[in-house]
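Step one of this worksheet: look at the structure below.
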Amino acid sequence: MEIKFDPTRNNGERVRVNGDLGVVLVTEDSSDSDTEKQSAIDTLSTLPGLQNSSAPVFGSVSVSESENVHFGNNTYFNGPVTIKQIIKTKSGIENESYTKDGDEDGRAVPPSKENSVKPLQVLPWNKLAVIGVCVGIVIIIVVVTLTVNQPTEALQKSGVSNSTGPMIISPAYLRIVNRSDWLSQPAEGPLDPLRLPAPWVIITHTATEACDSQSQCILRVRSIQTYHIESKGWYDIAYNFLVGGDGSVYYGRGWDYMGSHTQGYNKYSIAIAFIGTFNTVKPPKRQVEAAEKLIKIGVQYGKIAKDYKLLAHRQLMSTLSPGDAVFDIIQTWPHFVSNFTSDQTILPNY
Numbered sequence: 001m002e003i004k005f006d007p008t009r010n011n012g013e014r015v016r017v018n019g020d021l022g023v024v025l026v027t028e029d030s031s032d033s034d035t036e037k038q039s040a041i042d043t044l045s046t047l048p049g050l051q052n053s054s055a056p057v058f059g060s061v062s063v064s065e066s067e068n069v070h071f072g073n074n075t076y077f078n079g080p081v082t083i084k085q086i087i088k089t090k091s092g093i094e095n096e097s098y099t100k101d102g103d104e105d106g107r108a109v110p111p112s113k114e115n116s117v118k119p120l121q122v123l124p125w126n127k128l129a130v131i132g133v134c135v136g137i138v139i140i141i142v143v144v145t146l147t148v149n150q151p152t153e154a155l156q157k158s159g160v161s162n163s164t165g166p167m168i169i170s171p172a173y174l175r176i177v178n179r180s181d182w183l184s185q186p187a188e189g190p191l192d193p194l195r196l197p198a199p200w201v202i203i204t205h206t207a208t209e210a211c212d213s214q215s216q217c218i219l220r221v222r223s224i225q226t227y228h229i230e231s232k233g234w235y236d237i238a239y240n241f242l243v244g245g246d247g248s249v250y251y252g253r254g255w256d257y258m259g260s261h262t263q264g265y266n267k268y269s270i271a272i273a274f275i276g277t278f279n280t281v282k283p284p285k286r287q288v289e290a291a292e293k294l295i296k297i298g299v300q301y302g303k304i305a306k307d308y309k310l311l312a313h314r315q316l317m318s319t320l321s322p323g324d325a326v327f328d329i330i331q332t333w334p335h336f337v338s339n340f341t342s343d344q345t346i347l348p349n350y
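Okay, here's the thing in structure tokens:
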């Protein structure tokens, strides 16, 4: 601390103080003696250095007609300095032009919500689109389920099943494989209609290799149709129905058209052919049962007469068909005609 006296001033004594004052008490003496003035100044100049105080205290200080007078510490900043004016009133309204970057205690203010990353929001129209897609998928599933189940339910009520799944058939149902499923070719010409109900049922065999799976049976049936059309010159496969070793019935000419199996008797009969050759080999049980079920369904639908006659192919033509094994089986079936001397005794009246 440095204290200087300037005697050049005209209006009484003047004191200039530079540096940290600490705790200083300055008073004005009313004496006019130059000696007393000098003594006071000497006394002040010999005062020991005062200890710094964190909170400077000033007594009665009178400064007049002076320049560059400073009381307290000097603080210097090197670099750009931003000065913000904060005004708070009793009503709590602050300076609107001031943007806080920290509170008055020096604590950091959390980032503004506007600058934070907003969570992903689903707009209303997006929600509607998602709901619409879900509803559409549910409708499609329901429609497909009903479409698939309706034919199955109808066939089950009638005792018929057209499933192409595993070769497991309930005793109460029959699987009929339609023409498109066994890859048939269209008939080469118009087929003659069959008068219904048919009075006869003729059992024959195809005299080919047997089959015990649907894939094998489809191949056999397709080959038989090609042989009948290309080699025999017939319009279509000769039989009304074929029964495979897989327990399925394969749709030939069907119920409503005459076959080309037993010349002279086609217009009276429904022909059911066992796929295979059964001169010595017995057909599997499921193949036999499928033929029996087919006859019962024909009677139920009115395609076969209730008092029909069951005949073997060999009884009407010179052939071994349907083979000894099948012939022995059908002789035990209802409506089988075992003894007749002439076909005229069993022919229908048309």
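With the first letter of the sequence shown counted as 1, position 140 gets the number 140 in the UniProt record's numbering; the numbers rise by one all the way through. Every residue gets a Cβ at the ideal spot worked out from N, C-alpha and C, and that includes glycine. A quick note: this is a predicted structure, and the numbers were derived from the prediction, not measured.
For residue i and residue j, what's the separation of their Cα atoms in angstroms?
{"i": "R253", "j": "I141", "result": "36 angstroms"}
{"i": "T145", "j": "I131", "result": "21 angstroms"}
{"i": "D212", "j": "Q287", "result": "9 angstroms"}
{"i": "M317", "j": "I139", "result": "58 angstroms"}
{"i": "S321", "j": "L194", "result": "23 angstroms"}
{"i": "S60", "j": "H70", "result": "15 angstroms"}
{"i": "G189", "j": "D236", "result": "8 angstroms"}
{"i": "Y173", "j": "Q185", "result": "27 angstroms"}
{"i": "V224", "j": "L294", "result": "Before going on, a small fix: residue 224 reads as Ile here, not Val. I224 and L294: Cα-Cα distance of roughly 21 angstroms."}
{"i": "N240", "j": "V133", "result": "48 angstroms"}
{"i": "Y301", "j": "W125", "result": "56 angstroms"}
{"i": "S180", "j": "Y250", "result": "10 angstroms"}
{"i": "N339", "j": "V143", "result": "56 angstroms"}
{"i": "K232", "j": "A238", "result": "10 angstroms"}
{"i": "I329", "j": "L311", "result": "12 angstroms"}
{"i": "R175", "j": "K296", "result": "14 angstroms"}
{"i": "Y76", "j": "T82", "result": "14 angstroms"}
{"i": "T208", "j": "D343", "result": "28 angstroms"}
{"i": "Q331", "j": "V337", "result": "8 angstroms"}
{"i": "D192", "j": "I229", "result": "16 angstroms"}
{"i": "F278", "j": "T341", "result": "26 angstroms"}
{"i": "P80", "j": "N73", "result": "21 angstroms"}
{"i": "Y350", "j": "Q263", "result": "16 angstroms"}
{"i": "T206", "j": "L196", "result": "25 angstroms"}
{"i": "N78", "j": "K127", "result": "58 angstroms"}
{"i": "S62", "j": "N68", "result": "14 angstroms"}
{"i": "T319", "j": "Q216", "result": "26 angstroms"}
{"i": "W200", "j": "Q315", "result": "13 angstroms"}
If you follow the alpha helix (DSSP H) that residue i is in, where does it begin and where does it stop?
{"i": "T226", "result": "214-226"}
{"i": "A325", "result": "324-330"}
In three-state terms, what does DSSP make of residue i?
{"i": "A193", "result": "Correcting the residue identity first, residue 193 is Pro in this sequence and not Ala. Here P193 sits in strand by DSSP."}
{"i": "P124", "result": "helix"}
{"i": "A129", "result": "helix"}
{"i": "V143", "result": "helix"}
{"i": "I237", "result": "coil"}
{"i": "I229", "result": "helix"}
{"i": "V249", "result": "strand"}
{"i": "I176", "result": "strand"}
{"i": "V63", "result": "coil"}
{"i": "T152", "result": "Reliability of the predicted coordinates at T152 is poor, the pLDDT of 44 falling under 50, and no value is obtained from them."}
{"i": "V138", "result": "helix"}
{"i": "L347", "result": "coil"}
Between which two residues does the beta strand (DSSP E) harbouring residue i extend?
{"i": "Y301", "result": "Y301 -> not in any beta strand (DSSP E); alpha helix (DSSP H) instead, spanning 285-301."}
{"i": "D307", "result": "304-312"}
{"i": "S269", "result": "269-274"}
{"i": "T204", "result": "198-205"}
Are the CB atoms of residue j and residue i within a distance shorter than 9 angstroms?
{"i": "L347", "j": "Y268", "result": "yes"}
{"i": "A210", "j": "V281", "result": "yes"}
{"i": "W255", "j": "K309", "result": "no"}
{"i": "Y265", "j": "I202", "result": "yes"}
{"i": "T204", "j": "I137", "result": "no"}
{"i": "I218", "j": "V243", "result": "no"}
{"i": "L183", "j": "R222", "result": "yes"}
{"i": "G245", "j": "P284", "result": "yes"}
{"i": "H335", "j": "D307", "result": "yes"}
{"i": "A305", "j": "V299", "result": "yes"}
Could you round the C-beta distance between residue i and residue j to whole angstroms and report it? I think they count as a contact, below 8 angstroms.
{"i": "S248", "j": "V177", "result": "5 angstroms"}
{"i": "E292", "j": "W333", "result": "7 angstroms"}
{"i": "I270", "j": "A187", "result": "Their Cβ separation, rounded to whole angstroms, is 18 angstroms, which puts I270 and A187 out of contact at 8 angstroms."}
Using a Cβ cut-off of 9 angstroms (strictly closer), state whether residue i contacts chain C.
{"i": "G302", "result": "No chain C appears in the structure shown, which is made up of a single protein chain."}
Would the C-beta of residue i count as close to the ligand ATP, meaning under 8 angstroms from any of its heavy atoms?
{"i": "A291", "result": "Judged by which ligands are present, the structure shown has none, so any question about the ligand ATP falls away."}
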